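Please read the structure below before turning to the comments.
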């Protein structure tokens, strides 16, 4: 195997496939990156549940394949001195020689036989989506999925559903729900639960432009692909929560507020509150056209007043700051609408103009009354 | 106490004095910042060995003083919404109210009686130095002082000596020595050992411009000061190492090399070498007008060839990368000169033009011969 490629292309390729390489593995070869040289130069990272195959342009002199340790290889290529890099197997494939300018490295290589292949799904039933649209769907929902420690596996994924000309992404962690819906010109229907890991890595790997990404899935796996890469992940199995029932039928209070002002006040509040369970933030919506945020916590007393248009009943709710911050960052509009029922009922947040994004958050019990 | 000041000024003042506040202290008050309002608004941080007093402009309504927790106060002021901030003691001085725009915080305050004052040294025998000159003296030497774990306290400081119209800064950690000398128009003489902490904080706190910083010292302390601040630190006591004896009288090999190329090669070498003691880098200076850097370490084999002008005997030395990297970054010149004696004798590095900076480093024993 021998090839020469551009250093920047090499670095971006390695950065992307490294995301699928497990940090620790009992099998040394699984901590590796597979380098394959055929008609193209192709890198693969795979932890058996999530795999990435990525191609970069190269001048190919000799075909072949090899596995090298992901961390060692990545650390070296990121520091190489010249704009071109030559990779060549030596010692009958026992080592990989990396040459760039006057620098030469020789690192241990492994035969490729025992490296697990990344699945290739049937692409005849694939779907198309614009990069930018996909990145927005992921950005506005995936943060609300449950953390890795969660026992109910389905909550660690994003529910992806296409039905009646609409594609929805939904994420729920038990305290909050994020949902984004777009119209699609495709009458096929499906509903799957996708691990957040593949979605987050996918949105980091694409440029978020007008290019089209394809995806297809079977019962067990989903594959996102375009000309230069392919990402495959297993799906989570199980019935997803019937989230439609979670939204209240009617609201008693509605409030329009500037998103940035509301976000800044929450960020400052986070500074004085160390123990959110003990000292949740109290938010009072009243008819004086303002919101009062108040807490009497261990480090001091905070009071913030924000201008807002409040209609309906006066209401006071307790809020966990973390559950609100990410939602406010995910909404791109200048003003948002908060819709409320009662002190312990859900609060639903949407943009003032675009209702295709909905965020539902459960309040917490208030300990300190506002003044 | 009541005053209003600009938020940015407040943040920079707090950032600077926080450096002298101990992260942990048995006395709660010592984790505080002293705020004094008299003719000026003055902040103080002090851990009894190192103290900073810093003044910022303010509109003063009522004089007074108070101590507040450094971390809580700092975290809050950095996030305030408005460009002006009003500070006011309330509840008979039991709390400090912080108001900015519509945000109001009330944090716990402490009486100032038990806060230790920062010493004020006799300024009638002070010295002047330009900010930029002082920052360079510190930047080029202090990194070579010994780490906090070192048992010989004097090695944790920088030796500052004025003698025969020259001011020198010297730092030694047992493996390397950095020395920078400048000419001064001042015939007074002194020699002291200054803790690196005050020097590093000082160089971070000044803008490195043409302004003049004053300093003065007595047997026990040094004080750096200008109109807006004063930093006082204890001095280390003891006889400093007779470093002049450490420089060889004559050299057998001399080498001129591009500093940037040499530095890059060292940075890359650091990537394959995990255990420097086991696998030190071998550097061969030979008469082919090149330097060969070589190592056969646990993660692979590295070989780098760098163009250089070598004169004198051929020589091969082992080098600890960390001991070289910081020196090469501290030299601002394009080319550097390395002067060598024998495989285990000191290597002295200076700029090719300016010899006022000298760096001496001890080689280590070679394990792998270059090829």
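Protein chains in written order, with the numbering used here: chain A, 1 to 371; chain B, 372 to 742.
Heads up, the beta-carbon is just placed ideally off N, CA and C, and yes, glycines get one too.
Quantities reported herein were computed from a predicted structural model and do not represent experimental measurements.
Check each residue of the region 299-312 of chain A: if its Cβ is closer than 7 Å to any Cβ of chain B, include it; give the result in chain order. Within the region 299-312 of chain A, those residues whose Cβ lies closer than 7 Å to any Cβ of chain B are, in chain order, 299, 300, 301, 302, 303, 304, 305, 306.
Is it buried or exposed, residue 566/B, if we count other Cβ atoms within 10 angstroms and call 16 or more buried? Under the 10 Å beta carbon count, residue 566/B is surrounded by 16 or more other beta carbons and is classified as buried.
My understanding is that residue 568/B touches residue 421/B, with C-beta atoms under 8 Å, so please give their C-beta distance in whole angstroms. In this structure residue 568/B touches residue 421/B by the C-beta definition: roughly 6 Å separates them, less than 8 Å.
Applying a beta-carbon distance threshold of less than 8 Å, which residues of chain D neighbour residue 288/A? This model lacks chain D altogether; the protein chains it does include are A and B.
For residue 116/A, which of 52/A, 245/A, 86/A has the nearest alpha-carbon? Proximity to residue 116/A across 52/A, 245/A, 86/A peaks at 52/A, based on C-alpha coordinates.
Looking at C-alpha atoms only, which residue of 151/A, 141/A, 88/A, 200/A is the closest neighbour of residue 372/A? Because chain A spans 1 through 371 in this model, residue 372/A falls outside it and cannot be assessed.
Residues in the region 442-458 of chain B having any Cβ partner in chain A nearer than 8 Å: Of all residues in the region 442-458 of chain B, 443, 446, 447, 450, 451, 452 have a Cβ within less than 8 Å of some Cβ in chain A.
Chain A beta carbons: is any one of them nearer than 8 Å to that of residue 634/B? Judged by the 8 Å Cβ criterion, residue 634/B is not in contact with chain A.
So what does residue 596/B bridge to, in DSSP terms? Looking at the DSSP output, residue 596/B sits in a beta bridge with 585/B, 601/B.
Is any beta-carbon of chain B found at less than 8 Å from that of residue 268/A? Closer than 8 Å to some Cβ of chain B, the Cβ of residue 268/A qualifies, so yes.
Span separating the alpha-carbon of residue 475/B from that of residue 268/A: Annotation: residue 475/B to residue 268/A spans about 10 Å, alpha carbon to alpha carbon.
Could you check where the beta strand (DSSP E) with residue 172/A kicks off and where it finishes? Boundaries of the beta strand (DSSP E) around residue 172/A: 166-172.
With 8 Å set as the bound, which would you pick, yes or no: does the beta-carbon of residue 271/A sit closer than that to a beta-carbon of chain B? Closer than 8 Å to the CB of residue 271/A there is at least one CB belonging to chain B.
Would a check of beta-carbon distances place residue 106/A closer than 8 Å to chain B? Taking Cβ atoms only, chain B reaches closer than 8 Å to residue 106/A, which makes this a yes.
Alpha helix (DSSP H) runs contained entirely in the region 105-171 of chain A, provided each spans 4 or more residues: DSSP runs (the alpha helix (DSSP H)) wholly in the region 105-171 of chain A: 131-141.
Considering Cα atoms alone, identify which of 534/B, 516/B, 529/B is closest to residue 547/B. A check of alpha carbon separations from residue 547/B across 534/B, 516/B, 529/B identifies 516/B as the nearest.
Is it buried or exposed, residue 38/A, if we count other Cβ atoms within 10 angstroms and call 16 or more buried? Exposed, since its Cβ has fewer than 16 Cβ neighbours within 10 Å.
Quickly, what does DSSP pair residue 657/B with across the bridge? List them, please. According to DSSP, which records beta bridges pairwise, residue 657/B is partnered with 661/B.
For residue 645/B, is the classification buried or exposed, using 16 other Cβ atoms within 10 angstroms of its Cβ as the cut-off for buried? So residue 645/B ends up on the exposed side.
For residue 153/A, I'd like the list of residues in its chain whose CB is within less than 6 Å of its CB, leaving aside the five on either flank, ordered along the chain. The beta carbon of residue 153/A lies closer than 6 Å to those of 236 in the same chain, with the five residues before and after it left out.
Is residue 103/A close to chain B, meaning its C-beta is less than 8 Å from at least one C-beta of that chain? So, interface residue.
Quick one: give me the first and last residue of the beta strand (DSSP E) that residue 274/A is part of. First-last for residue 274/A: undefined, no H or E at that position.
Does the structure place the region 691-711 of chain B close enough to the region 121-131 of chain A that three or more beta carbon pairs sit under 8 Å? No contact exists between the region 121-131 of chain A and the region 691-711 of chain B.
I need the boundaries of the alpha helix (DSSP H) containing residue 570/B, first residue and last residue. Where residue 570/B is concerned, the enclosing alpha helix (DSSP H) starts and stops at 567-576.
State the start and end residues of the unbroken alpha helix (DSSP H) segment that holds residue 321/A. Secondary structure note for residue 321/A: its alpha helix (DSSP H) is the uninterrupted segment 321-330.
Using the Cα positions of residue 592/B and residue 604/B, report the straight-line distance between them to the nearest angstrom. Distance between the alpha carbons of residue 592/B and residue 604/B is about 6 Å.
Closest Cα partner of residue 508/B within the set 535/B, 598/B, 387/B, 540/B: Closest option to residue 508/B, judged by alpha-carbon separation, among 535/B, 598/B, 387/B, 540/B: 540/B.
Taking 8 Å as the cut-off, decide whether the C-beta atoms of residue 336/A and residue 349/A are in contact. Result yes, Cβ atoms of residue 336/A and residue 349/A sit closer than 8 Å.
Collapsed DSSP secondary structure at residue 7/A in the structure displayed: Per DSSP, reduced to three states, the secondary structure at residue 7/A is helical.
Please list the segments of the beta strand (DSSP E) lying wholly inside the region 391-476 of chain B, counting only runs of 3 or more residues, in order along the chain. Within the region 391-476 of chain B, the complete beta strand (DSSP E) runs of at least 3 residues are 403-408, 412-417, 421-427, 430-433, 435-440, 455-461, 466-471.
If we call anything under 8 Å between Cβ atoms a contact, is residue 601/B one with residue 438/B? No.
If you reduce the DSSP assignment to three classes, tell me which class residue 238/A lands in. Residue 238/A carries a coil assignment under DSSP once its states are collapsed to helix, strand and coil.
Tell me, which residues are paired with residue 179/A by DSSP? Its beta-bridge partners are 170/A, 358/A.
In the DSSP assignment, what residue or residues form a beta bridge with residue 707/B? Note: residue 707/B sits in a beta bridge opposite 628/B, 722/B.
Figure out for me which residue from 621/B, 731/B, 661/B, 433/B has the closest Cα to the Cα of residue 678/B. Closest by alpha carbon: 661/B.
Given residue 581/B as reference, the closest of 431/B, 659/B, 732/B, 505/B once Cα atoms are compared: Nearest option by C-alpha distance: 505/B.
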